[in-house]
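Colleague: Those protein sequences? They're chains A and B, same order as listed.
Take -2 as the starting number for the first sequence in our numbering and just add one per residue.
Take -2 as the starting number for the second sequence in our numbering and just add one per residue.
Ideal Cβ placement from N, Cα and C applies to all residues, glycine included.
Protein chains: 2
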Amino acid sequence: MKVTFILAEAALETLPASLQKDPRVINSCKKLGKKPENCLLDKSLHYWAMDRLKDREKRGRPDIAYRVIQDVASSPLYKKGMMNFFVHTYNDYIIQFGENVRPPHAYFRFEGLMLDLFEKKVIKDPEGKVLLQLKRGKVKDVLNETGKSSAVGFDVDGEKVTYEQAAAHVANYGAFVIGGFPAGNFSKETSSIFSKKLSFSQETIETDTVACRLIYELEKILLFTK
Amino acid sequence: MKVTFILAEAALETLPASLQKDPRVINSCKKLGKKPENCLLDKSLHYWAMDRLKDREKRGRPDIAYRVIQDVASSPLYKKGMMNFFVHTYNDYIIQFGENVRPPHAYFRFEGLMLDLFEKKVIKDPEGKVLLQLKRGKVKDVLNETGKSSAVGFDVDGEKVTYEQAAAHVANYGAFVIGGFPAGNFSKETSSIFSKKLSFSQETIETDTVACRLIYELEKILLFTK
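This is how it looks when you write it as structure tokens:
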């Protein structure tokens, strides 16, 4: 059995055109030796320039997706080919992960890889095997492709469960969605595909901590018999 | 009960003096808008210049410590004040973490913070509370300070256990050590303080995945009654 994991509405995007000409943005890119077109939107760098950006509290945190990608890629569940992994972004792009993708250790290489992907739409290894593929689409499009119409969603106002209980639901359902943004709520479009809404804790917990723990509990069900 | 976690021999250091004058290093720093004295040693950037560096396979991976620090800082065990956390580095520096330290989201800010710490030896919050403190020392010095003479060590040739079994040992013993380097072995000095050597899997598993899962199982024992 293969589980589908979608990191949804991830705060991962290239610098919006409206910001590329902002002198503050140009300046902060310059300090890092880069041009604005070679930057991902990043709240740590572009905070002041983001004030008129729609949904700005949900955007500009590419580190969240990066850390979840690293968690997934180092998990035995993914390495053994038992998890389909997708990153859906705020701007409705979908990044599909091939098998055995090993993300770069250094953030600046990850940023370069993402910019390359947004430009070329596909990243292959030296043998021509597709590692990453980019297309337009929404969370429901990913689900449709995997033959599902809904998924278990993790959201602050969901039913309180432990990671073990959540993993049992996910293993049973076959697909789950975690938000890849720092604050705010899922769009109505995304939350409409939740068959069930679960939550771990009233206190905020980092997305990658949730992903790491949930994948680990899933492995206990799917890879090992207790 | 408070558990002590030491990330040992972490591949985290400023650029060695011998490399600061290497034209390849100067060049790669320049591309990122930095001077060599404002860089951490990083295999992704300084690989070719590291060829004559002692123990080079163990060094130049500050991302490992960064990710483990993020895992610790977002764990309920640390947030509730039930874990002492220390990073011991390859060059025998010890970074002691205060309570409720929140590491930066962006890697470049983490790098800046570490460089600041290596220079000033202490980082305080605006109210004067000590967040990070740097001193010279070895793993055994950290243990002595917490009143212990040995710790549970995680090493590839240790006794094979599950994370649950490992957490039971650690909870019982009160202190554990994970290696913060990408390849090679613990120094004799570090491994001499292991009361018990444990291992999770024959296949290599990322340090931060180990840390995340082990801390989670520790929480089950120390924070919740099942």
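With a threshold of 8 Å, are at least 3 pairs of Cβ atoms found where one atom belongs to the region 147 to 159 of chain B and the other to the region 188 to 203 of chain B?
Modeller: yes
Colleague: Count the other C-beta atoms from every protein chain shown that fall within 10 angstroms of the C-beta of D60(A), then say buried if there are 16 or more, exposed otherwise.
Modeller: Counted from its first residue, the first sequence places residue 60(A) at position 63. By the neighbour-count rule (16 or more Cβ atoms within 10 Å), D60(A) is buried.
Colleague: Could you give the distance in angstroms between the alpha-carbon of R56(B) and the alpha-carbon of E186(A)?
Modeller: Here residue 56(B) refers to the residue found at position 59 when the second sequence is read from its first residue. Here residue 186(A) refers to the residue found at position 189 when the first sequence is read from its first residue. Rounded to the nearest angstrom, the two C-alpha atoms are 46 Å apart.
Colleague: By the DSSP assignment, the alpha helix (DSSP H) with L211(B) in it spans what residues?
Modeller: Looking up residue 211(B) in the second sequence gives position 214. From DSSP, the alpha helix (DSSP H) with L211(B) extends over 204 to 219.
Colleague: Give a yes or no on whether 8 Å exceeds the smallest Cβ distance from A103(A) to chain B.
Modeller: Residue numbering aside, residue 103(A) sits at position 106 when the first sequence is read from its first letter. Yes - at least one Cβ of chain B is within 8 Å of the one on A103(A).
Colleague: What number of angstroms, rounded off, separates the C-alpha of N35(B) from the C-alpha of K27(B)?
Modeller: Along the second sequence, read from residue 1 onward, the residue named residue 35(B) stands at position 38. Along the second sequence, read from residue 1 onward, the residue named residue 27(B) stands at position 30. When only Cα atoms are considered, N35(B) and K27(B) end up about 11 Å apart.
Colleague: Beta-carbon within less than 7 Å of A70(B)'s beta-carbon, same chain only, minus the 5 sequence neighbours each way: which residues are those?
Modeller: By one-based count along the second sequence, residue 70(B) stands at place 73. The residues are V98, R99, P100.
Colleague: Hey, V119(A) and Q130(A) are a contact pair by Cβ (cut 8 Å); roughly how many whole angstroms apart?
Modeller: Along the first sequence, read from residue 1 onward, the residue named residue 119(A) stands at position 122. Along the first sequence, read from residue 1 onward, the residue named residue 130(A) stands at position 133. About 5 Å separates the two Cβ atoms, so the contact holds.
Colleague: Which residues does DSSP list as the beta-bridge partners of N81(B)?
Modeller: As a first step, residue 81(B) is located in the second sequence; it is residue number 84 there, counting from the start. Note: N81(B) sits in a beta bridge opposite T1(B).
Colleague: Please state whether the Cβ-Cβ distance between L74(B) and L215(B) is less than 8 Å.
Modeller: Sequence index remark: in the second sequence, residue 74(B) carries index 77 (1-based). Sequence index remark: in the second sequence, residue 215(B) carries index 218 (1-based). Yes, the pair counts as a contact, with Cβ atoms nearer than the cut-off.
Colleague: When the Cα of F178(A) is compared with those of P13(A), K217(A), Y87(A), which residue comes out closest?
Modeller: Mapped onto the first sequence, residue 178(A) falls at position 181. When only C-alpha atoms are compared, the closest one is Y87(A).
Colleague: Nearest-angstrom Cα distance between T1(B) and A7(B)?
Modeller: If you number the second sequence from 1, residue 1(B) lands on position 4. If you number the second sequence from 1, residue 7(B) lands on position 10. C-alpha of T1(B) to C-alpha of A7(B): approximately 16 Å in a straight line.
Colleague: What residue from G144(B), L16(B), T204(B), S146(B) has the CA that sits closest to R49(B)'s CA?
Modeller: Locating residue 49(B) in the second sequence gives position 52, counting from the first residue. Minimum Cα distance to R49(B) is reached at L16(B).
Colleague: Per DSSP, which residues does Y90(B) bridge with? Please list them.
Modeller: Along the second sequence, one-based indexing puts residue 90(B) at 93. According to DSSP, which records beta bridges pairwise, Y90(B) is partnered with R133(B).
Colleague: For C209(B), return the contacting residues in chain A, with the cut-off set at a CB-CB distance below 9 Å.
Modeller: Reading the second sequence from its first residue, position 212 is the one you call residue 209(B). What C209(B) touches in chain A: D68, D205, T206, C209, R210, Y213.
Colleague: From what residue to what residue does the beta strand (DSSP E) around I23(B) run?
Modeller: Numbered from 1 along the second sequence, position 26 holds the residue referred to as residue 23(B). From DSSP, I23(B) is part of no beta strand (DSSP E) but of the alpha helix (DSSP H) over 20 to 28.
Colleague: Look at the alpha carbon of V174(B) and the alpha carbon of G144(A), and state the distance between them as a whole number of angstroms.
Modeller: Your numbering for residue 174(B) matches position 177 in the second sequence. Your numbering for residue 144(A) matches position 147 in the first sequence. In a straight line, the C-alpha of V174(B) is about 44 Å away from that of G144(A).
Colleague: Along the region 29 to 50 of chain B, where does the CB come closer than 7 Å to a CB of chain A? Name the residues.
Modeller: L29, G30, D39, S41
Colleague: Taking the straight line between their C-alpha atoms, what separation do you get for N146(B) and E161(B)?
Modeller: The residue labelled residue 146(B) in the question sits at position 149 within the second sequence. The residue labelled residue 161(B) in the question sits at position 164 within the second sequence. The amino acid at residue 146(B) is misidentified as Asn; the sequence shows Ser. Going from the Cα of S146(B) to the Cα of E161(B) covers about 24 Å.
Colleague: Considering only their Cβ atoms, is the gap separating Q67(B) from F83(B) smaller than 8 Å?
Modeller: The sequence position of residue 83(B) within the second sequence is 86, counting from 1. The sequence position of residue 67(B) within the second sequence is 70, counting from 1. Their beta carbons are not under 8 Å apart, which means F83(B) does not touch Q67(B) by this criterion.
Colleague: Name the DSSP beta bridge partners of T159(A), please?
Modeller: The sequence position of residue 159(A) within the first sequence is 162, counting from 1. For T159(A), DSSP assigns no beta-bridge partner whatsoever.
Colleague: At which residues does the beta strand (DSSP E) containing G176(B) begin and terminate?
Modeller: Indexing the second sequence from 1 puts residue 176(B) at position 179. Where G176(B) is concerned, the enclosing beta strand (DSSP E) stretches over 172 to 176.
Colleague: Taking the alpha-carbon of M111(B) as reference, which of M47(B), T11(B), K135(B), W45(B) has the nearest alpha-carbon?
Modeller: Locating residue 111(B) in the second sequence gives position 114, where the first residue counts as 1. That would be T11(B), whose Cα lies nearest to the Cα of M111(B).
Colleague: According to DSSP, simplified to helix, strand and coil, what is T222(A)?
Modeller: By 1-based counting over the first sequence, the position of residue 222(A) is 225. Its pLDDT being 47, under 50, T222(A) is placed unreliably by the model, and the measurement read from it follows with that caveat. If DSSP states are grouped into helix, strand and coil, T222(A) belongs with coil.
Colleague: Which residues in the same chain have their Cβ closer than 8 Å to the Cβ of W45(B), if we skip the five residues on either side of it in sequence?
Modeller: As a first step, residue 45(B) is located in the second sequence; it is residue number 48 there, counting from the start. Cβ within range, chain order: R21.
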